[in-house]
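Residue numbers (the numbering used here): 37 to 761.
We put the CB at the ideal spot given by N, CA and C, even for glycine.
Below you can see the structure in the form of structure tokens.
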């Protein structure tokens, strides 16, 4: 957040403090507002009466870690903030069409009426809009600009053949994989970059070379999309600096969206980012009831953040590595940062990415335990069964298990790369992992029971190539390699790096998404001996070159519901489902290579505006991951699908055919990478259930509050009505 913006925001806050009417301790309160000793409630009114669909926010520094709770007013402007931990709070009103009211002192157990403050103009109101309303202003080359003519022509590389392919990069494979775009911090170019460059396009090219994450940003954006991408981003920020405002306005929460209760705790460090967090076993949502929440700080630090929501206490545990030569992210290159200068704020060897509880309450992390070069038993010439089928030369991330009961770690050196992970439903506690990126296209697993019984990490693990049954005989046989044409007499190995990973509870098959354009959904049937018997199927989203961005393309993280239907976000701005049972043609054979089941796909447009230059039915939303509430931990019903509203600053659910957009209003900049549902008390109604997540932004300094802001653990709960306590 720039210094100039902080000055303007401080001035606006001072104006609000002078003009807002003081809060009223309600003497004659509405009888529908019933408060317990830990509740706070009242009515929010504005110049024209009750303010419906606005947020009331209560925040305190009076607990072991900073805590915030927020709710939405009902159609009469009434609110109830339930079950606030005992402390002194600052309370204020935020909403679309408003500016923040003055923060007032309050304690639980009281009635408190509040006055909302109307925004003096559209510019002031737009400062509170979710990022998508600003990001949708970005210029997108029109369909007639493709294929590109290179930097000497229109700036679009010839390899980008259509508008949809361009969108896939600027929405899901570029900057948006790491942090939100459209936030205040990203729609304003820092002064240091302006001083170092002559144009805003050059400033953007310099910007993405900053800090220790630049190796990813600069690689993905520049070479893939060419100079045109910097021109479009420079033009975007120039227009905003000159006063252009979003062409669309957000709607205040409606219906069930007003029943949400959002709690947030500070944890971790201002220099760390959290990929995601885990609260329970995905297969058993009552495990670890009321227990601690564990985060994964990936490349930023080895210190795993831990939140105890019962005591409102944040702590850390340090993930160890086995080998002293494990590389550190402190060595990542990068130019001077506008926030941190030349300080190397990241220093991690474990590089923990994704945590998951097992059935015994232990937490498994995909994490490095040694240097990337594999030991001999993984490589060519080894007697390991999987190495004989597919020798692997290196793996940069492996597995580490933490047991909270003993405070001890178990490290497992895997031959295959790990990224996301999920346990089987067959009682064997097989841990399946994704490899993350295409090369070399192996799917690996760890039999945790074998590891416990033998202590032999070599015996407990295995991996398999991804092989399609292109000869249609129903079994895996001799196959051709990825660079060879299909031979109808043989099977076919493909390179499809698995990203999201999930296990079908119905039949035990493993499913995963493969990133890119138009991307794949991969199904793997392990068979009795996965190394030798696993057979795969691949399904492409229903991309149609003729209609371009109006069709679906490029999945990211995903999940399976209880019936084995896959749910995921697409770069086209849709939530998508894929139901294999709807496929009409053969699922194997020489033609079953991805485009053989368009009827299995259903697309649902995501909330928010679409880019002006894009005609697709989706939105400018760039959702990171999908999750299914199989056990009804939130309250919308079993098998409710969710996707992350990374541009909407929300989590998004599909319920009764309608998208519900549960926005977190404070601090602005919510960027969720995945969510996790837990049931703490099955008999306590909505109070005993909730969804847990974390602010997964690689750049916590981009969040409202700026440099020094700490990541958050966030809990979403759904009440039966906005006044339930």
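Residue i vs residue j beta-carbon contact at 7 angstroms
i: residue 208; j: residue 607; result: yes
i: residue 587; j: residue 534; result: no
i: residue 116; j: residue 599; result: no
i: residue 739; j: residue 745; result: yes
i: residue 539; j: residue 461; result: yes
i: residue 175; j: residue 271; result: yes
i: residue 336; j: residue 374; result: no
i: residue 594; j: residue 555; result: no
i: residue 392; j: residue 382; result: no
i: residue 715; j: residue 321; result: yes
i: residue 705; j: residue 216; result: yes
i: residue 402; j: residue 484; result: no
i: residue 626; j: residue 522; result: yes
i: residue 614; j: residue 551; result: no
i: residue 122; j: residue 299; result: no
i: residue 679; j: residue 605; result: yes
i: residue 504; j: residue 528; result: yes
Where residue i falls, given that 16 or more other Cβ within 10 Å makes a residue buried
i: residue 721; result: exposed
i: residue 490; result: exposed
i: residue 757; result: exposed
i: residue 719; result: exposed
i: residue 304; result: buried
i: residue 277; result: exposed
i: residue 733; result: buried
i: residue 55; result: Interpretation of residue 55 is limited by its pLDDT of 40, a score under 50 that renders its predicted location unreliable; no figure is taken from the coordinates.
i: residue 751; result: buried
i: residue 204; result: buried
i: residue 287; result: exposed
i: residue 195; result: exposed
i: residue 493; result: buried
i: residue 669; result: buried
i: residue 480; result: buried
i: residue 142; result: buried
i: residue 747; result: buried
i: residue 57; result: With a pLDDT of 37 at residue 57, under the threshold of 50, the modelled position of that residue is not reliable, and no figure is offered here.
i: residue 180; result: exposed
i: residue 412; result: exposed
Cβ-based neighbour list, residue i, same chain, cut-off 7 angstroms, excluding 5 preceding and 5 following
i: residue 407; result: 359, 361, 362, 363
i: residue 473; result: 533
i: residue 338; result: 354, 355, 384, 385, 386
Beta-carbon proximity list for residue i, same chain, < 8 angstroms, skipping 5 on both sides
i: residue 75; result: 116, 117, 118, 119, 120, 144, 145, 761
i: residue 597; result: 603, 664, 666, 675, 677
i: residue 31; result: Nothing in the structure corresponds to residue 31, since the chain is present only between 37 and 761.
i: residue 445; result: 355, 356, 436, 437, 438, 439
i: residue 448; result: 405, 434, 435, 436, 437, 482, 487, 493, 496, 497
i: residue 283; result: 172, 173, 645, 648
Cβ-heavy atom distance, residue i to the ligand COA, below 6 angstroms
i: residue 171; result: Ligands in the displayed structure: none, and consequently the ligand COA is not present.
Sequence-distant residues of its chain with Cβ nearer than 6 angstroms to residue i (five each side left out)
i: residue 650; result: 176, 585
i: residue 378; result: 372
i: residue 526; result: 507, 514, 515, 516
i: residue 634; result: 578
i: residue 780; result: The structure shown does not extend to residue 780, since the chain is modelled only from 37 to 761, so the question has no answer here.
i: residue 112; result: 86
i: residue 60; result: Any reading at residue 60 must be qualified, since the residue scores a pLDDT of 45, below 50, and its modelled position is unreliable; no value is offered.
i: residue 717; result: 724
i: residue 230; result: 239
i: residue 325; result: 716
i: residue 726; result: 751, 753
Chain D within 7 angstroms of residue i, Cβ atoms only
i: residue 421; result: No chain D appears in this structure, which consists of one protein chain only.
Curious, which full-length alpha helix (DSSP H) runs of at least 4 residues does the region 88-170 contain? If we require 4 residues or more, the alpha helix (DSSP H) runs fully inside the region 88-170 come out as 158-162.
For the pair the region 684-703 and the region 290-300, tell me if three or more CB-CB distances fall below 8 angstroms. yes
With a cut-off of 8 angstroms, do at least 3 Cβ pairs link the region 577-597 to the region 192-211? yes
Would you check if the region 560-570 and the region 536-552 touch, i.e. whether three or more CB-CB distances between them fall below 8 angstroms? yes
Could you tell me whether the region 565-577 touches the region 184-193, using the rule of 3 or more Cβ pairs below 8 angstroms? no
Restricting to runs no shorter than 3 residues, where is the beta strand (DSSP E) found entirely within the region 554-617? Listed in chain order, the complete beta strand (DSSP E) runs (minimum 3 residues) inside the region 554-617 are 556-561, 571-575, 602-606, 610-614.
Could you tell me which uninterrupted beta strand (DSSP E) segments, each at least 3 residues in length, are contained entirely in the region 262-323, listed from first to last along the chain? 296-302
The region 351-366 contacting the region 377-396, beta-carbon criterion three pairs below 8 angstroms: yes
Does the contact criterion of 3 or more C-beta pairs under 8 angstroms hold for the region 155-162 versus the region 78-89? no
If we count Cβ pairs, one from each stretch, closer than 8 angstroms, do we get three or more for the region 674-690 versus the region 630-639? no
When you compare the region 140-148 with the region 616-628, are there three or more beta-carbon pairs, one atom per stretch, that lie closer than 8 angstroms? no
Three or more C-beta pairs below 8 angstroms linking the region 420-427 and the region 321-338: no
Entirely enclosed alpha helix (DSSP H) segments - the region 181-237, minimum 4 residues: Entirely contained in the region 181-237, the alpha helix (DSSP H) runs reaching 4 residues are, in chain order, 199-204, 220-223, 227-232.
Under 8 angstroms: do the region 85-103 and the region 121-138 share three or more Cβ pairs, one atom per stretch? yes
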